[in-house]
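The numbering of the sequence shown is the working numbering, which starts it at 72 and goes up by one.
All C-beta atoms, glycine included, are put in the ideal place defined by N, C-alpha and C.
The structure appears right after this line, and notes come after that.
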Amino acid sequence: MTAPDAAPPPAAARPSLIGRSRGELAQLLVEEGEPAPRAGMRARQLWHWLYHQGATDFAAMTTLPLRLRERLAARYDIARPTVVREQVSTDGTRKWLLRCADGQEVESVFIPEADRGALCLSTQVGCSLTCAFCHTGTMPLVRNLGSAEIVGQLLAARDALGEWPTPAGARRLSHLVVMGMGEPLLNYEQTARALRVAMDPAGLAFARRKITLSTSGVAPRIAACGRELGVGLAISLHAVRDELRDRLVPINRKWNIALLLDACRAYADVRSERHITFEYVMLDGINDSDADARELVRLIRGIPAKVNLIPFNPWPGAPYACSSPERIAAFAAIVARAGYPAPVRTPRGPDILAACGQLKTASARQRRGAIAA
Ligand code: SAH
Ligand code: SF4
Numbered sequence: 072m073t074a075p076d077a078a079p080p081p082a083a084a085r086p087s088l089i090g091r092s093r094g095e096l097a098q099l100l101v102e103e104g105e106p107a108p109r110a111g112m113r114a115r116q117l118w119h120w121l122y123h124q125g126a127t128d129f130a131a132m133t134t135l136p137l138r139l140r141e142r143l144a145a146r147y148d149i150a151r152p153t154v155v156r157e158q159v160s161t162d163g164t165r166k167w168l169l170r171c172a173d174g175q176e177v178e179s180v181f182i183p184e185a186d187r188g189a190l191c192l193s194t195q196v197g198c199s200l201t202c203a204f205c206h207t208g209t210m211p212l213v214r215n216l217g218s219a220e221i222v223g224q225l226l227a228a229r230d231a232l233g234e235w236p237t238p239a240g241a242r243r244l245s246h247l248v249v250m251g252m253g254e255p256l257l258n259y260e261q262t263a264r265a266l267r268v269a270m271d272p273a274g275l276a277f278a279r280r281k282i283t284l285s286t287s288g289v290a291p292r293i294a295a296c297g298r299e300l301g302v303g304l305a306i307s308l309h310a311v312r313d314e315l316r317d318r319l320v321p322i323n324r325k326w327n328i329a330l331l332l333d334a335c336r337a338y339a340d341v342r343s344e345r346h347i348t349f350e351y352v353m354l355d356g357i358n359d360s361d362a363d364a365r366e367l368v369r370l371i372r373g374i375p376a377k378v379n380l381i382p383f384n385p386w387p388g389a390p391y392a393c394s395s396p397e398r399i400a401a402f403a404a405i406v407a408r409a410g411y412p413a414p415v416r417t418p419r420g421p422d423i424l425a426a427c428g429q430l431k432t433a434s435a436r437q438r439r440g441a442i443a444a
């Protein structure tokens, strides 16, 4: 399913090899003249260079015959999106502004912690949804990202961290959160392709339990996401009454709270080993009363879950304020008393507008066919 108004990703001058499955690479090698019986082995070698070694140049792929390397270099691309700007927060969070081949820009964020680090990936340039508290939601949807551009964010981050080849042991970049710009379940095919590449044990090797995808509530895609990808699921709930959620998270008008929670129960049935994370942004005087907390607990009863309370992160012109620390603590206590872990998320990188819901780029929608080189 794609957003109805999303333009497709552009065809680069040379097609990218990044973000394709191993089977597709083998097929492509056959089309490039590699004898079929050897194509699988060559695809494995190519995969190793791309995703284990992090090669940025075909010339480095010394296990491939020189002729094949030259042929691939002439016809295909393995470039990452260009890092246009890097900002480093006082808390160590790093935000990269990345430019795609057609000039469109997205952001991704690396959030280091003492013993782990998460990369927050974007899936769209802008967003077609207009959640009232989200900076990205003030951008139009410019276009979907292709799997090459989603995987490209990961490769660019590993380049910047110098984390090649893929470490066997501890890693700085250990977790992926699909919580950047855009709604991943409205660009499901490309997001799923990218995550399958990221999960492949012979390459980037991110275990599925180290990946979490956040959705604002594209209910019909949720169970499929659990079944097909098996990654962790975060649901941007944010309100416990339809009348309020219709305003805060407008996709609620299409799939309301009851439908969304039915989808969560179906996900919990196929992924019984994983709890669902419900995200709840704390908006002063809007959704943060004791009654809201009690209703939240009632709604999610029976779903193995935790509730992540996100202090509202302000952005220029935002129409909301964050709840007070005392209010957040009181809300968390009600949820915790009902048996659900209710951690309060520490905003990371707020000084560089890198925290949840603060990402935005200057990309604007372009007329089809008017895409800059
Ligand atoms: N589009 C997806 C994923 C990206 S947003 C989604 O909506 O789930 C990641 C999380 O940040 C979501 O829970 C989102 O609701 C939340 N968020 C958006 N704006 C925010 C803000 N200003 N402050 C705190 N959290 C915000
Ligand atoms: Fe889009 Fe998520 Fe922001 Fe809503 S919260 S506008 S779905 S990025």
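heavy atom of ligand 2 below 7 Å from residue i C-beta
{"i": "Cys202", "result": "yes"}
{"i": "Ser179", "result": "no"}
{"i": "Ser307", "result": "yes"}
{"i": "Ser287", "result": "yes"}
Outcome for residue i when other beta-carbon atoms lying within 10 angstroms are tallied against a minimum of 16
{"i": "Leu105", "result": "With the sequence shown as reference, residue 105 is identified as Glu, and Leu is not the correct amino acid for it. Under this definition Glu105 is a buried residue."}
{"i": "Gly94", "result": "exposed"}
{"i": "Pro382", "result": "buried"}
{"i": "Pro414", "result": "exposed"}
{"i": "Ala441", "result": "With a pLDDT of 41 at Ala441, under the threshold of 50, the predicted position of this residue should be treated as unreliable, though the coordinate-derived value follows. Ala441 is exposed by the Cβ-count criterion."}
{"i": "Ser343", "result": "exposed"}
{"i": "Thr133", "result": "exposed"}
{"i": "Lys431", "result": "buried"}
{"i": "Glu397", "result": "exposed"}
{"i": "Ala172", "result": "buried"}
{"i": "Glu157", "result": "exposed"}
{"i": "Arg280", "result": "exposed"}
{"i": "Thr161", "result": "exposed"}
{"i": "Ala444", "result": "For Ala444, the predicted model reports a pLDDT of 30, less than 50, meaning its position is unreliable and no value from the coordinates is stated."}
{"i": "Ser395", "result": "exposed"}
{"i": "Met112", "result": "exposed"}
{"i": "Gly373", "result": "exposed"}
{"i": "Val249", "result": "buried"}
{"i": "Glu350", "result": "buried"}
{"i": "Lys325", "result": "exposed"}
{"i": "Thr417", "result": "exposed"}
{"i": "Arg408", "result": "exposed"}
{"i": "Pro291", "result": "exposed"}
{"i": "Ala131", "result": "exposed"}
{"i": "Pro108", "result": "exposed"}
Closer than 7 Å: residue i CB and nearest ligand 1 heavy atom
{"i": "Phe383", "result": "yes"}
{"i": "Gly253", "result": "yes"}
{"i": "Trp386", "result": "yes"}
{"i": "Gln429", "result": "yes"}
{"i": "Cys198", "result": "yes"}
{"i": "Cys335", "result": "no"}
{"i": "His206", "result": "yes"}
{"i": "Val159", "result": "no"}
{"i": "Glu350", "result": "yes"}
{"i": "Met250", "result": "yes"}
Of the listed residues the options, nearest to residue i (C-alpha basis)
{"i": "Ala305", "options": "Glu220, Ser287, Lys281", "result": "Ser287"}
{"i": "Val213", "options": "Val196, Leu225, Arg267", "result": "Val196"}
{"i": "Gly410", "options": "Val320, Arg151, Asn327, Lys377", "result": "Lys377"}
{"i": "Ile221", "options": "Ala114, Ala185, Leu266", "result": "Leu266"}
{"i": "Pro321", "options": "Ala407, Ser307, Glu397", "result": "Ser307"}
{"i": "Ala362", "options": "Ala329, Val311, Ile293", "result": "Val311"}
{"i": "Ile371", "options": "Glu260, Ala273, Gly111, Thr348", "result": "Thr348"}
{"i": "Arg91", "options": "His246, Ala401, Tyr147, Leu137", "result": "Tyr147"}
{"i": "Ala179", "options": "Gly428, Ala435, His119", "result": "Sequence check: residue 179 is Ser here, not Ala. Nearest option by C-alpha distance: Gly428."}
{"i": "Asn215", "options": "His246, Glu254, Ala185", "result": "Glu254"}
{"i": "Cys393", "options": "Ala404, Ala364, Asn358", "result": "Asn358"}
{"i": "Glu260", "options": "Gly217, Leu380, Val406", "result": "Gly217"}
{"i": "Ala126", "options": "Gln98, Ala433, Gly233", "result": "Gly233"}
Simplified DSSP state of residue i, which is helix, strand or coil
{"i": "Ser218", "result": "helix"}
{"i": "Arg342", "result": "coil"}
{"i": "Arg85", "result": "coil"}
{"i": "Met353", "result": "strand"}
{"i": "Cys296", "result": "helix"}
{"i": "His123", "result": "helix"}
{"i": "Gln116", "result": "helix"}
{"i": "Arg187", "result": "coil"}
{"i": "Leu100", "result": "helix"}
{"i": "Leu168", "result": "strand"}
{"i": "Gly90", "result": "coil"}
{"i": "Ala305", "result": "strand"}
{"i": "Thr209", "result": "helix"}
{"i": "Leu232", "result": "helix"}
{"i": "Val268", "result": "helix"}
{"i": "Glu178", "result": "strand"}
{"i": "Ile282", "result": "strand"}
{"i": "Glu254", "result": "coil"}
Entirely enclosed alpha helix (DSSP H) segments - the segment 351 to 437, minimum 4 residues: 361 to 370, 396 to 408
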